[in-house]
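Chemist:
In structure tokens:
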């Protein structure tokens with residue numbers, strides 16, 4: 003089939019009659035490969051809560067910069083403000099956000115390159131679809147580093 007014939011086929015195709023049944027998808031969709039157990043919701047939530055409360059000098063819990071309807075774990079603002087701190091580039095790119103969790107107990111986390119590799123190789127997570135190598139121009143649009151994972 004030539005491109006010309008393909009265009010004609012697409013243009014002449016009828017409109018769907020069951021438009022009411024077309025699913026409405028959010029802006030960023032993700033294929034769910036597995037479901038986390040209901041019993042994990044509280045432990046995952048506590049993990050974030052406890053990390054912040056037990057380490058107030060270095061961590062804070064605030065609303066996620068990426069998904070504004072989820073709580074997230076951040077590097078403490080005072081550390082971000084100190085020019086003498088040598089924090090990883092991912093920390094400044096993410097405005098201090100280290101990760102957040104969702105209602106289904108899945109998480110988006112920034113990990114070190116070595117840890118990210120281990121998580122992916124062992125099958126516990128995958129790179130976020132907007133997680134791109136640091137040399138690409140696309141990374142600057144969304145500010146998501148190459149070690150941003152979906153767990």
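Numbering (this note's numbering), first residue to last: 3 to 153.
Ideal placement from N, C-alpha and C gives every residue a C-beta, glycine not left out.
Here the structure is a predicted model, which is why all the values come from computation and not from measurement.
Near residue 42, which residues of its chain fall below 7 Å by C-beta distance, leaving aside the five closest residues on each side in sequence?
Modeler: Along the chain shown, read from residue 1 onward, the residue named residue 42 stands at position 40. Only 107 meet the Cβ criterion.
Chemist: Within 10 angstroms of its Cβ, does residue 101 collect 16 or more other Cβ (buried), or is it exposed?
Modeler: In the chain shown, the residue the question calls residue 101 occupies position 99. Residue 101 should be labelled buried.
Chemist: Can you list, in chain order, the residues of its chain whose CB lies under 6 Å from that of residue 125, leaving out five sequence neighbours each side?
Modeler: Walking along the chain shown from the start, residue 125 turns up at place 123. If we look at residue 125 and ignore the five residues flanking it on each side, it has no Cβ neighbours.
Chemist: What does DSSP give as the partner residue(s) for residue 89 in the beta ladder?
Modeler: Here residue 89 corresponds to residue number 87 of the chain shown, with the count starting at 1. DSSP lists no partner for residue 89.
Chemist: So residue 91 packs on residue 67, CB below 8 Å; how close in whole Å?
Modeler: What you label residue 91 is simply residue 89 of the chain shown in a count that begins at 1. What you label residue 67 is simply residue 65 of the chain shown in a count that begins at 1. Rounded, the Cβ-Cβ distance is 16 Å, inconsistent with contact.
Chemist: Just verifying my parser: in three-state terms, what is the DSSP assignment at residue 70?
Modeler: Here residue 70 refers to the residue found at position 68 when the chain shown is read from its first residue. Correct three-state label for residue 70: coil.
Chemist: Alpha helix (DSSP H) containing residue 80: first to last residue?
Modeler: Taking the first residue of the chain shown as 1, we reach residue 80 at position 78. In the DSSP assignment, residue 80 falls within the alpha helix (DSSP H) that extends over 79-83.
Chemist: Assign residue 110 to buried or exposed, taking buried as 16 or more other Cβ atoms, counted over all protein chains shown, within 10 Å of its Cβ.
Modeler: Looking up residue 110 in the chain shown gives position 108. It is buried - the Cβ of residue 110 has at least 16 other Cβ atoms within 10 Å.
Chemist: Just mark residue 103 as buried or exposed, buried being the case when its beta carbon has 16 or more other beta carbons within 10 Å.
Modeler: Here the question's residue 103 lines up with position 101 in the chain shown. Its Cβ being crowded by 16 or more others within 10 Å, residue 103 is buried.
Chemist: Tell me whether residue 77 is buried or exposed, calling it buried when 16 or more other Cβ atoms sit within 10 Å of its Cβ.
Modeler: Here residue 77 corresponds to residue number 75 of the chain shown, with the count starting at 1. Residue 77 comes out buried.
Chemist: Compare the C-alpha of residue 47 against each of 84, 73, 99, 60 and name the closest.
Modeler: In the chain shown, residue 47 corresponds to position 45, counting from 1. Residue 73 is the option with its Cα nearest to residue 47.
Chemist: Would you decide whether residue 56 is buried or exposed? Buried here means 16 or more other CB atoms lie within 10 Å of its CB.
Modeler: Taking the chain shown and counting its residues from 1, the one referred to as residue 56 is at position 54. It counts as exposed.
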